[in-house]
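Under the numbering used here, think of the first position of the sequence shown as 2, with each following residue one higher.
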Amino acid sequence: MTAAPERTASQLIAEERRHRPAVVRLARSLCLAAQAEPYFLRSARLRFAPDSSAGLEARLYFSPLVEAADSRALVLYPEVSAELRRELYDDDLELLGSVRDFTLAAHRCAPPLVRGFEELLWSATIGPPPAEAEVERTLTPLFRQVLAEGVAAAEASRWILRFLPRLPEAVRESLPAWQLQVMAAERLGMEPPRALLTRATADEVRTVRALVHTEVDIGVRASAQGLVLSRPPEPDALICGASGAGRVQLRLRGALPGTRWHELDLYDGEYTALGVSVAAEVHVDGTLLAAQAELGGTLLCARAGRRAAAATTADGRTALRVDDGESVLSVDLPEQPRLLAVADAGPAATAVVSAKGLHVVTSAVDGTAEAVLHPLSEQPTAVGWSRTRERGVLCLATGSDVLLVDGGDPGRRLGTLSHPAPVVRLWASVRAGLVAVADAHGGVTVHDLAGGPATGPGRRQQAPGGAVTALCGDPWSGAVVWGCADGRVYGVEAAAGVVVPLGTLPTSASSLAPSGDAGLVVAADGGDRLLRLAWPGGGPVTAVPMPFRVREVHAAPGGLLLVSGHGGEVEIRAEDGRTHLLTPGPVPAPPEGAGPGWLRDSVGVVLPEGGAGLPAGVRRRGVGHVCLPASLPPDSAEFATLLAEARDQGLRVLVELAPPGENTPHGELLGRAHDLLEAAVDGLRLSAPDRWPASLLVRLRHLLDAYPQAAVVTTGAPRLALGPGHLTLTAPPESAAAPSVPDGSWSLPDGLPHPQACLLLALPGCREVPASVLAPADPATATPAPLLAARAAQLALRYGGVERPPTGSTRVTAVRRDHAGQAVLCLTSTAHAPVTVRVPLPAAAAGTELIQIAHDLPDHPPDAPPPVLRPDPDGLVTVALDAGRTRWFRIRTAAHPPPHGATDPFAPSAP
Numbered sequence: 002m003t004a005a006p007e008r009t010a011s012q013l014i015a016e017e018r019r020h021r022p023a024v025v026r027l028a029r030s031l032c033l034a035a036q037a038e039p040y041f042l043r044s045a046r047l048r049f050a051p052d053s054s055a056g057l058e059a060r061l062y063f064s065p066l067v068e069a070a071d072s073r074a075l076v077l078y079p080e081v082s083a084e085l086r087r088e089l090y091d092d093d094l095e096l097l098g099s100v101r102d103f104t105l106a107a108h109r110c111a112p113p114l115v116r117g118f119e120e121l122l123w124s125a126t127i128g129p130p131p132a133e134a135e136v137e138r139t140l141t142p143l144f145r146q147v148l149a150e151g152v153a154a155a156e157a158s159r160w161i162l163r164f165l166p167r168l169p170e171a172v173r174e175s176l177p178a179w180q181l182q183v184m185a186a187e188r189l190g191m192e193p194p195r196a197l198l199t200r201a202t203a204d205e206v207r208t209v210r211a212l213v214h215t216e217v218d219i220g221v222r223a224s225a226q227g228l229v230l231s232r233p234p235e236p237d238a239l240i241c242g243a244s245g246a247g248r249v250q251l252r253l254r255g256a257l258p259g260t261r262w263h264e265l266d267l268y269d270g271e272y273t274a275l276g277v278s279v280a281a282e283v284h285v286d287g288t289l290l291a292a293q294a295e296l297g298g299t300l301l302c303a304r305a306g307r308r309a310a311a312a313t314t315a316d317g318r319t320a321l322r323v324d325d326g327e328s329v330l331s332v333d334l335p336e337q338p339r340l341l342a343v344a345d346a347g348p349a350a351t352a353v354v355s356a357k358g359l360h361v362v363t364s365a366v367d368g369t370a371e372a373v374l375h376p377l378s379e380q381p382t383a384v385g386w387s388r389t390r391e392r393g394v395l396c397l398a399t400g401s402d403v404l405l406v407d408g409g410d411p412g413r414r415l416g417t418l419s420h421p422a423p424v425v426r427l428w429a430s431v432r433a434g435l436v437a438v439a440d441a442h443g444g445v446t447v448h449d450l451a452g453g454p455a456t457g458p459g460r461r462q463q464a465p466g467g468a469v470t471a472l473c474g475d476p477w478s479g480a481v482v483w484g485c486a487d488g489r490v491y492g493v494e495a496a497a498g499v500v501v502p503l504g505t506l507p508t509s510a511s512s513l514a515p516s517g518d519a520g521l522v523v524a525a526d527g528g529d530r531l532l533r534l535a536w537p538g539g540g541p542v543t544a545v546p547m548p549f550r551v552r553e554v555h556a557a558p559g560g561l562l563l564v565s566g567h568g569g570e571v572e573i574r575a576e577d578g579r580t581h582l583l584t585p586g587p588v589p590a591p592p593e594g595a596g597p598g599w600l601r602d603s604v605g606v607v608l609p610e611g612g613a614g615l616p617a618g619v620r621r622r623g624v625g626h627v628c629l630p631a632s633l634p635p636d637s638a639e640f641a642t643l644l645a646e647a648r649d650q651g652l653r654v655l656v657e658l659a660p661p662g663e664n665t666p667h668g669e670l671l672g673r674a675h676d677l678l679e680a681a682v683d684g685l686r687l688s689a690p691d692r693w694p695a696s697l698l699v700r701l702r703h704l705l706d707a708y709p710q711a712a713v714v715t716t717g718a719p720r721l722a723l724g725p726g727h728l729t730l731t732a733p734p735e736s737a738a739a740p741s742v743p744d745g746s747w748s749l750p751d752g753l754p755h756p757q758a759c760l761l762l763a764l765p766g767c768r769e770v771p772a773s774v775l776a777p778a779d780p781a782t783a784t785p786a787p788l789l790a791a792r793a794a795q796l797a798l799r800y801g802g803v804e805r806p807p808t809g810s811t812r813v814t815a816v817r818r819d820h821a822g823q824a825v826l827c828l829t830s831t832a833h834a835p836v837t838v839r840v841p842l843p844a845a846a847a848g849t850e851l852i853q854i855a856h857d858l859p860d861h862p863p864d865a866p867p868p869v870l871r872p873d874p875d876g877l878v879t880v881a882l883d884a885g886r887t888r889w890f891r892i893r894t895a896a897h898p899p900p901h902g903a904t905d906p907f908a909p910s911a912p
């Protein structure tokens, strides 16, 4: 008992009976009730204490027997209620029967939840503990309410979690009561009480939780840095199906080897933005060896020689891991760091700069990490470790100076290296005893601290190319390389001191890493690639693709690299086993004056005249907007219903405008357009634009100028453009061999042969589909609808170029789409019998996989793993197709393998 833990219920009742016996008599009349509403309490007093006044009710309200009371109801402590029932059963069965009759009469109109609870109280009071079958029969109405959806199910679940633990032990410990509480907690998106979890295995708990799960749509939108998840899905987001109730449990990880799962619970009405920060170890040829991906966190990495450090910030905590080549040290930091540097030789030392100051991390005598915080009067722009003839020094760049401090302590300054302009980049090496500095005027100065005066002027180099964007060096040879704003890369040998042009990159480098083992300078430019130049001689630029956008690159021994950046493919796993692979960006920039951004990627569906409404699950099929027919007046109930339904699903809405007839006043048509735009629709769709007079189009254009975010879609080219939000739809390409229309925008006609419709969806430019694609007459027949959903989820299918690999069969067409390192192969058969083809995969190697992402048959069960194909040693992949069928595959190369293992991320961890 929470009110008086030092006293038992019998002691509490005895004490109250000595001082206020009438309060105990009134409390006895409530012991068979789930709760006592004001009317219930008043009726109980009048029946069982008729000589008392209303003040007795007040005294009971404030007595220590009551656990909770407000204007709606009063509830006794469960231990008190149980003790009062026991007293009545032992001493006064007649009064117990009277209390039972009164409770039944007073609560005859109470909700089934209350009546079922009181029935169980009575059964457990007067006889042996009820059998589980009887408990289950009594609780059946509660099961029905929890299994339902909506507000009533949530209210019932809250009531169950509040009152079921108050039942007698024999009832509350029964299996049906346990199941009901677990289901109620899941319905509300809560973890069940720990006492419930310890009664069963994790698999048994998952099975019961899944009883209340339903299909839930999760919105996923790619951003430049990661993903945005929303529930319900925000407009223009990709729809991913999941299972859940009050919460949806998701597991996410970067689709890279070695990455770990991240847990995410998404509740109704929530919106979560997750940045994807990645660090990976790779070969200079781009082959990925291992990776760390932080979703919702940040990574800052540094590497020098055989030592490396990584600071991970996630969930409000920053952890620093330092690998000194022999052991790994860990230390917690008070906040996210800005700068990070490790010493490449000598005693292991790491410098971390954050807003709180300078943290210097070294190895303690017992082998643990020792971090010392030094306050800073001015935040440095760069840090690095080097040495003089006598000792190691930490270099802090502030303004146009580089401060040399002893032991990492800013208070023990040894000297200053001055420069003609503010320092923008710095590279330092303990092994080489060098400090290279790039200033804001584009100059690079190399200071030889070990071979000359510690504060000497250094050797300054100035090369054409503008500002220095990246600077690095090789600690073994002492060579220094840097990149300029115009993409040119230069190098200078320590001994010769002659600046050598190494080559010109397509864009300016954000980071450089000279690798003597590989004979290359590797550059990162923020894109999904690594750029390479021969070194030390220079030469043409070669590029290797990367599965994420690389911002920093560091050389490691043995021709390896440590690279870091953001983005990349993310694997999302739902609790029912469904898996979604999503790639955040990069997305091509829209042209100037492109109108509303949503129109650029949205695929629409045209609702037919007299249709039954929106097709079921329309957004799950990759549809972003719907077009309502022209026959619906804006002020009609049917129009309002369709508009509300579309808005509830997060769909954009266009409305059809039919061309004017011979006697249709132009003002009437313009008035309808105005009313539609005022009704908060997202735009208009004009059919047969050649039948619209130019004078009317001019007036419509002026009207649209007042609605800059409105879209206008025309089925054909009108006599004049209708503003920046104008999209013209043409007929689709005649075949896969035909070039797409110049602006890539066409509509899929209704009634096309099924294989032809599937083949067209593999091509760029589809912006509109008929409703029949989403709602076929026979649900068991093949449909292009799953292809639409896959098309929305794959950047390659939305923005990639088109290749047509040979298949060796005139009845099978292959289309390959590539974008930002993502590749999709689409195969469609027009044959009347099953056929098997072999398709070449350029640069296929051992480990390359083709993962099926879509087909035109009814969907697999949610937990069915997708088929995976692997190319033969000759680089050809064998694909079997049924008659007139389509299969689409993601191509995953051997250089970028998937995460290790196929473990269930929802399985409980081993004890």
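Even for Gly, the Cβ is constructed at its ideal location relative to N, Cα and C.
Predicted model only: the values in this text are computed from it and were never measured.
task: Take Tyr-268 and list the residues in its own chain whose beta-carbon comes closer than 6 angstroms to its own, dropping the five residues that flank it on each side.
output: As a working mapping, residue 268 is identified with position 267 in the sequence shown. Result list for Tyr-268: Gly-190, Arg-248, in chain order.
message: Per DSSP, what are the beta-bridge partners of Arg-565 in this structure?
response: Indexing the sequence shown from 1 puts residue 565 at position 564. The identity of residue 565 in the sequence shown is Ser, whereas the question assumes Arg. Its beta-bridge partners are Ala-280, Glu-553.
query: How long is the line joining the alpha carbons of Ala-439 and His-284, rounded to whole angstroms?
result: Taking the sequence shown and counting its residues from 1, one reaches residue 439 at position 438. Taking the sequence shown and counting its residues from 1, one reaches residue 284 at position 283. The alpha-carbon atoms of Ala-439 and His-284 are separated by roughly 28 angstroms.
message: Assuming Thr-837 and Ala-790 are in contact, meaning their beta carbons sit under 8 angstroms apart, how far apart are those beta carbons, in whole angstroms?
response: Indexing the sequence shown from 1 puts residue 837 at position 836. Indexing the sequence shown from 1 puts residue 790 at position 789. 27 angstroms between Cβ atoms; not a contact.
query: When the Cβ atoms of the segment 483-499 are set against those of the segment 517-527, are three or more pairs found closer than 8 angstroms?
result: yes
message: Would you call the segment 639-646 in contact with the segment 806-824, where contact means no fewer than 3 C-beta pairs closer than 8 angstroms?
response: no
task: Return the bridge partner residues of Ser-748 from the DSSP annotation.
output: Your numbering for residue 748 matches position 747 in the sequence shown. Answer by DSSP bridge pairing, in chain order: Glu-769.
query: What are the uninterrupted segments assigned as alpha helix (DSSP H) that are 4 or more residues long and contained completely in the segment 111-182, given in chain order?
result: 113-127, 133-148, 152-164, 170-173
Secondary structure of Pro-546, DSSP reduced to three states: Position 545 of the sequence shown, counting from 1, holds the residue named residue 546. Note: Pro-546 maps to strand in three-state DSSP.
- request: Using DSSP bridges, identify the partner residues of Gln-795.
  value: As a working note, residue 795 is residue 794 in the sequence shown. Gln-795 pairs with nothing; no bridge assigned.
Three CB pairs or more closer than 8 angstroms across the segment 236-245 and the segment 165-179: no
- request: Might you give, ordered along the chain, the residues of its own chain that have their beta carbon closer than 6 angstroms to the beta carbon of Asp-914, omitting 5 neighbours on each side?
  value: Absent from the model: residue 914. The displayed extent of the chain is 2 to 912, so no value can be given.
task: Could you please give the first and the last residue of the uninterrupted alpha helix (DSSP H) stretch that includes His-755?
output: If you number the sequence shown from 1, residue 755 lands on position 754. Counting along the chain, the alpha helix (DSSP H) containing His-755 begins and ends at 755-762.
- request: Mind checking which residues open and close the beta strand (DSSP E) that includes Gly-605?
  value: On the sequence shown, residue 605 is found 604 positions in, with the first residue counted as 1. Per DSSP, Gly-605 belongs to the beta strand (DSSP E) from 605-607.
Whole runs of the beta strand (DSSP E) within the segment 336-384, excluding any shorter than 3 residues: 340-343, 350-355, 358-364, 370-375
message: Comparing C-alpha positions only, which one of Pro-756, Leu-762, Leu-753 sits nearest to Ser-746?
response: Translated into positions along the sequence shown, residue 746 becomes position 745. Nearest of Pro-756, Leu-762, Leu-753 to Ser-746, Cα basis: Leu-762.
message: I'd like to know if Ala-211 contacts chain C, where contact means its C-beta is closer than 8 angstroms to some C-beta of that chain.
response: Any reference to chain C falls outside this structure, which holds one protein chain only.
query: Excluding the five sequence neighbours on either side, which residues of its own chain have a C-beta within less than 6 angstroms of the C-beta of Gln-36, listed in chain order?
result: The residue given as residue 36 occupies position 35 in the sequence shown. Cβ neighbours of Gln-36 beyond the five flanking positions: Ala-74, Val-76.
query: If you scan the segment 437-484 from start to end, which runs of the beta strand (DSSP E) of 3 or more residues do you find wholly inside it?
result: 444-449, 460-463, 469-474
Which of helix, strand or coil DSSP assigns to Ser-44: Translated into the one-based positions of the sequence shown, residue 44 becomes position 43. Ser-44 falls in the helix class under three-state DSSP.
message: Give me the residue from Gly-488, Val-656, Leu-728, Ser-696 with the minimum Cα distance to Val-682.
response: For this step, residue 682 is matched to residue 681 along the sequence shown. Looking at the Cα atoms, Val-656 is the closest of the given residues.
Thr-141 burial status per 10 Å Cβ neighbour count (16 or more: buried): Counting from 1 along the sequence shown, the entry for residue 141 is found at position 140. That one is exposed.
- request: Work out the CA separation of Pro-750 and Ala-468 for me, nearest whole Å.
  value: For the purposes of this step, residue 468 is identified with residue 467 of the sequence shown, where counting begins at 1. For the purposes of this step, residue 750 is identified with residue 749 of the sequence shown, where counting begins at 1. Roughly 54 angstroms separates the two Cα atoms.
task: Taking the CB atoms as reference points, tell me whether Leu-531 and Val-542 lie closer together than 8 angstroms.
output: Start at 1 with the first residue of the sequence shown, and residue 531 comes out as number 530. Start at 1 with the first residue of the sequence shown, and residue 542 comes out as number 541. No. Outside cutoff.
message: So if DSSP puts Ala-524 in a beta bridge, which residue, or which two residues, is it bridged to?
response: Taking the sequence shown and counting its residues from 1, the one referred to as residue 524 is at position 523. Answer is Leu-513, Leu-532.
query: Three or more beta-carbon pairs under 8 angstroms between the segment 23-36 and the segment 81-95, yes or no?
result: yes
Cβ shell of Ser-44 (< 8 angstroms), same chain only, five flanking positions each side left out: Reading the sequence shown from its first residue, position 43 is the one you call residue 44. So the qualifying residues of the chain are Phe-103, Ala-107.
task: Determine the extent of the beta strand (DSSP E) in which Trp-599 is found, giving its start and end residues.
output: Within the sequence shown, the letter at position 598 stands for residue 599. Taken as a continuous stretch (DSSP letters only), Trp-599 belongs to no beta strand (DSSP E), being part of the alpha helix (DSSP H) at 599-602.
query: What are the boundary residues of the beta strand (DSSP E) that Leu-289 is part of?
result: Position 288 of the sequence shown holds residue 289. First-last of the beta strand (DSSP E) with Leu-289: 289-296.
- prompt: At what residue ranges does the segment 683-743 contain a whole run of the beta strand (DSSP E), taking only runs of 3 or more?
  reply: 684-687, 712-716, 727-730
field: C-beta atoms of Pro-609 and Pro-634 nearer than 8 angstroms
entry: The residue you call residue 609 lines up with position 608 of the sequence shown. The residue you call residue 634 lines up with position 633 of the sequence shown. No, these two residues do not count as a Cβ contact at 8 angstroms.
- prompt: Going by DSSP, which residues form a beta bridge with Ile-854?
  reply: Here the question's residue 854 lines up with position 853 in the sequence shown. Answer is none; Ile-854 lacks a bridge partner.
message: Within a Cβ cutoff of 7 angstroms, which residues of the same chain sit near Thr-139, ignoring the five residues on either side of it in sequence?
response: Position 138 of the sequence shown, counting from 1, holds the residue named residue 139. Taken in chain order, the residues that qualify are Gly-117, Glu-120, Leu-121.
- request: From the DSSP output, in three-state form, read off Tyr-268 for me.
  value: As a first step, residue 268 is located in the sequence shown; it is residue number 267 there, counting from the start. Three-state DSSP puts Tyr-268 in a strand.
- request: Could you spell out where the alpha helix (DSSP H) holding Glu-572 opens and where it closes?
  value: Within the sequence shown, the letter at position 571 stands for residue 572. Note, Glu-572: premise wrong, no alpha helix (DSSP H); beta strand (DSSP E) at 571-575.
query: To the nearest angstrom, how far is it from the Cα of Leu-105 to the Cα of Leu-89?
result: Position 104 of the sequence shown, counting from 1, holds the residue named residue 105. Position 88 of the sequence shown, counting from 1, holds the residue named residue 89. C-alpha separation (whole angstroms): 17 angstroms.
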